[in-house]
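Below: the structure, in C-alpha cells.
Protein chains in written order, with this note's numbering: chain F, 575 to 904; chain A, 593 to 934.
See below:
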C-alpha cells in the first residue's frame, strides 16, 4: 500500500468515512439530481434519527468493552408500556416520559447487574435477556397494536420550517432531529469532557489496570448499560411518535444495522475506542447509501450486500490500523 | 486427547471413578440431573401424555435441525470466536440445492442423479463460504463477531436478491423421505445428527487439529508460538462449521419441502444459548459435544412439555432465556472461591 494511503487510513475512521460520504454524495447527485437537495438530506437525517440514538447508546457500551444486543427488545418494551400508559391509562406527558425512560434504564441495569454478578460475557447475557424481554412482551401484549395516541404524542412537532411554500422544496426540522442532535452533543460531552467519560475509556481500554487505579467496575458497567437502556427507551418513544402507533415487534431486527453503524464509525468490539462523531458519520453513510440506491432505482436487497461488504472493509481497515500502530510502538 | 485431559487435571484412575470425576468436573452431571427433573416433572404433570412414544418421536424429529446448527456454533465458540453467519449459510445451501432440483437444468428421468448433483452443489458452496469466512477470521485481525456479521449480511443479501425473497419448493420424494424415514424406530434426521455429533466429538478430542481448537481458544498467541499453524486451525473450524450448516439445510428442505432466505432466523441466538447452557465457555477454550447434546435435549423437553401443557409458544423462549441465566447463576455459585477465572 502506498504510504500516503496508509497514512490517510491511519488518521482514523472519520477521515475515510468523510471521504466516502463525499464520494457517495457526488456519485448519487450526478445520477439523480433530486438527491442532493436540502429537503432530501433533511428527510434522510430524520429517517435515521432513531437508529442514530440507538447507535450512540451502543457506542457507550462498546467503549467499556461490552456488547449489548438486547437494546431493540428494551426499546420495544419501553415503547409499548409508554404507549399503554398514554392511551389506556391516559397519563399526562411527563408521567409517560418517566415510565418510558425509567423502564429503559431499568432493563439496561438488569443486564449490567447480571453481567457483574454472574461474571459472564455481555453477549451471552444480552442474548438471554433479549429473548426474555421480547418473549414476555409478545406474550403479555398478545401482539396487539396500540393506536389512538393523544395528540401530544402523535402530532408532528416542527421546530423550524423554511424553503418553498408547501412544495417539495420545504425543509422541516422536526422533533426527532432535535432530540438526536441533543443526545449526540450530550454524549459527546460526557465521553470527551467529563471525568466519567475518561473512566469509561480507561475501563474499556484495560479493565485490569482501571480496576487497580480504583475505578468502581460495577458503577461503570451500570452506567454504560443503563445509559444505553435509557436511550433505547427514548428511541422507542420517538419511533412511536413518528409512526403514530406502537407495534410490539416494530423495533426488532435492526440490531445488526445499529452495530454495523457503530463499528463503521470506529468503535471497537474490544473496547476503549470510538467517538460520537465517528458513529454519526457511520449512520450518515449507511443512510445515504440506502436513500441513494433507492432514488436511482436499485433493489433495496442490494443494500444488504453492500452493508456486509462495508462491515468487512471496516474490519480489515481496523486491522491495518492496529498493525500500523503496533509498528510505531515497537 | 492428552492435551485436553492434562488441561483438566484428571488423574489416571481407572474405571467408574474416572467416569464419575469426569462427569462432575465437566458439569454434565448437573445438566443430566436437570434433564431428569424436567422429564419426571412433565411426566407427573401430564400423565400418559408426556412419556409416550409419539411425544418422544416428535422430540427426536425436532432436535436435529437446531442440533446441527448448534454444533456449527460450538466449534467457533470453543476457538474463542463466534459464527453469526450459520443461518445465512444454511439458507444459501438450501436455496442452491432447491434451485438445482426445481429449475429443470437436470435431465428429468434421473431423480437420484439430480439429488446427488444438488447435494454436491450445496456442499461445494458451503465449503467455499466456510473457507472464505475462516480465511477472513484468521487473517483480518478483526473480531469474529464483525467478520461473520459481514459474511452473514453478504450471503443473506445475495440470497434475498437472487430469489426476490420468495421461497423455492416442490422437491422429489426421495429427498422428502429423509425427513420421514425411520431406522430402528428412530427418525433418520436424529441418526444424522447423532453421527455428526459423534464425528465432531472425535474431531475435537482425538485429532491434532481438534485439540488445537481448544488451545487457540485459550490463548491464540501462545498456540502460535508453540509451532501450530493457527490460521489453518481457524480456517478448518469455520469450514466444518459451514459444512454442518449444509447438513442442517438438507434436513430443513426435507421437513418444509421448500427453501427460503428467511427460514430459521430465530435459531441463530438459540444456538449460542444451547452451547453456553451445555457448558461452552464463551471466552473460548472449553466445551464438549456431550454437554451441548444434553443442553439441546433440555431445551427440547422444555419446549415439548410446555407445548403439551398448552403454554403460549412465546413463553417457551422466555423460559429458555431464564433457564440459561439460572444455570449460569448456579454454576457461578458452585465454582465461586474454587476457580479464580478471568
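The C-beta atom is built at its ideal place from N, Cα and C for all residues, glycine as well.
Contact with chain F by residue i, beta-carbon distance below 8 Å
i             : result
residue 621/A : no
residue 829/A : no
residue 615/A : Note that residue 615/A has pLDDT 48, beneath the 50 cutoff, so the model's placement of it is unreliable and no number is given.
residue 672/A : no
residue 550/A : Within the shown structure, residues of chain A are numbered from 593 to 934, placing residue 550/A beyond reach of any answer.
residue 921/A : yes
residue 909/A : yes
residue 917/A : yes
residue 724/A : no
residue 643/A : no
residue 749/A : yes
residue 819/A : no
C-alpha gap between residue i and residue j, whole angstroms
i             : j             : result
residue 620/F : residue 730/F : 12 Å
residue 587/F : residue 838/F : 7 Å
residue 756/F : residue 683/F : 23 Å
residue 844/F : residue 641/F : 9 Å
residue 854/F : residue 779/F : 22 Å
residue 625/A : residue 923/A : 14 Å
residue 823/A : residue 727/A : 7 Å
residue 725/A : residue 738/A : 11 Å
residue 783/A : residue 656/A : 9 Å
residue 684/A : residue 787/F : 50 Å
residue 813/F : residue 802/F : 16 Å
residue 866/F : residue 857/F : 14 Å
residue 887/F : residue 590/F : 11 Å
residue 677/A : residue 769/A : 28 Å
residue 612/F : residue 861/F : 15 Å
residue 655/F : residue 677/F : 8 Å
residue 665/A : residue 872/A : 10 Å
residue 711/F : residue 664/F : 21 Å
residue 841/A : residue 882/A : 23 Å
residue 637/A : residue 702/F : 27 Å
Residue range of the unbroken alpha helix (DSSP H) whose run includes residue i
i             : result
residue 786/F : 781-786
residue 736/F : Per DSSP, residue 736/F belongs to no alpha helix (DSSP H); it is in the beta strand (DSSP E), 732-736.
residue 683/A : 678-694
residue 723/F : Segment: none, residue 723/F is in no alpha helix (DSSP H) and carries neither H nor E.
residue 713/F : 696-715
residue 831/F : 829-838
residue 802/A : 800-810
residue 824/F : Here residue 824/F belongs to no alpha helix (DSSP H), and DSSP marks it neither H nor E.
residue 904/A : Where residue 904/A is concerned, there is no enclosing alpha helix (DSSP H), given that its DSSP letter is neither H nor E.
residue 656/A : 645-670
residue 618/F : 612-637
residue 814/F : 791-817
Enclosing beta strand (DSSP E) for residue i [first to last residue]
i             : result
residue 747/F : 745-748
Chain F contact residues for residue i, given Cβ-Cβ distances below 8 Å
i             : result
residue 874/A : 694, 695, 697, 698
residue 914/A : 702, 706
Neighbour list for residue i in chain A, Cβ cutoff strictly below 8 Å
i             : result
residue 837/F : 738
residue 713/F : 904, 906, 907, 910
Below-8 Å beta-carbon distance, residue i vs any chain A residue
i             : result
residue 792/F : no
residue 870/F : no
residue 882/F : yes
residue 706/F : yes
residue 841/F : no
residue 844/F : yes
residue 688/F : yes
residue 814/F : no
residue 834/F : yes
Neighbouring residues, chain F, relative to residue i (Cβ below 9 Å)
i             : result
residue 753/A : 873, 875, 876, 878, 879
residue 728/A : 886, 889, 890
Contacts that residue i makes with chain A (C-beta to C-beta distance below 7 Å)
i             : result
residue 701/F : 861, 864, 865
residue 885/F : 738, 741, 742, 745
residue 889/F : 732, 734, 738, 739, 742
residue 710/F : 910
residue 646/F : Result: empty, since nearest Cβ-Cβ is about 12 Å, beyond 7 Å.
Under 7 Å from the C-beta of residue i: neighbouring residues of chain F
i             : result
residue 868/A : 698
residue 924/A : 692, 693
Identity of the residues DSSP links to residue i by a beta bridge
i             : result
residue 761/A : 850/A
residue 774/A : 779/A
Proximal residues of chain A, C-beta to C-beta of residue i below 9 Å
i             : result
residue 830/F : 676, 741, 744, 745
Any non-hydrogen atom of the ligand FAD within 7 Å of residue i CB
i             : result
residue 745/A : The model depicted lacks the ligand FAD and carries no ligand whatsoever.
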